[in-house]
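A.B. asks: So that we are looking at the same thing, I have put the structure below in structure tokens.
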Amino acid sequence: VEMFEKMGLKNVQGYDADYAPGMGIHEMGGARMGRDPKSSVLNAHNQVWDAPNVFVTDGAAMTSASCVNPSLTYMALTARAANFAVEELKKGNI
12 VEMFEKMGLK NVQGYDADYA PGMGIHEMGG ARMGRDPKSS VLNAHNQVWD APNVFVTDGA
72 AMTSASCVNP SLTYMALTAR AANFAVEELK KGNI
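For the sequence shown, the positions run 12 to 105 when this note's numbering is used.
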């Protein structure tokens, strides 16, 4: 508010929340999962195309938010990625 008022804006009102930004929403996106490394960051196992020993299992893999809490989805994606990673490690692929 102070910054806007110094810029000359009038009737500026602020909002003081009791929680930090992001606490009431579920940030998602940034590392899209897909079938083609040209149009996505992750493969179907949440493995980074260009860094095979890196797995992303948080909201970054989701391209949009749902209407419910995504915690169980993240848990399922993580379990699947972990199982895949273990099998790939056993084969010596990563």
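Every residue, glycine too, gets a C-beta built ideally from N, C-alpha and C.
1. Hey, would you say glycine 70 sits closer than 8 Å to methionine 39, going by beta carbons?
2. Spatial neighbours of alanine 72 within its chain, please: CB distance less than 6 Å, with the 5 preceding and 5 following residues excluded, ordered by chain position.
3. So, is valine 67 buried or exposed, given that buried needs 16 or more other C-beta atoms within 10 angstroms?
4. Where do the N-terminal and C-terminal ends of the beta strand (DSSP E) with alanine 93 fall, by residue?
5. Relative to the ligand FMN, is the shortest distance from any of its heavy atoms to the C-beta of leucine 53 smaller than 7 Å?
C.D. replies: Straight from the coordinates:
1. yes
2. Ala42, Met44, Leu53, Asn57
3. Classification for valine 67: buried.
4. Run containing alanine 93: none in the beta strand (DSSP E); it sits in the alpha helix (DSSP H), 82-102.
5. This structure lacks the ligand FMN, and indeed carries no ligand of any kind.
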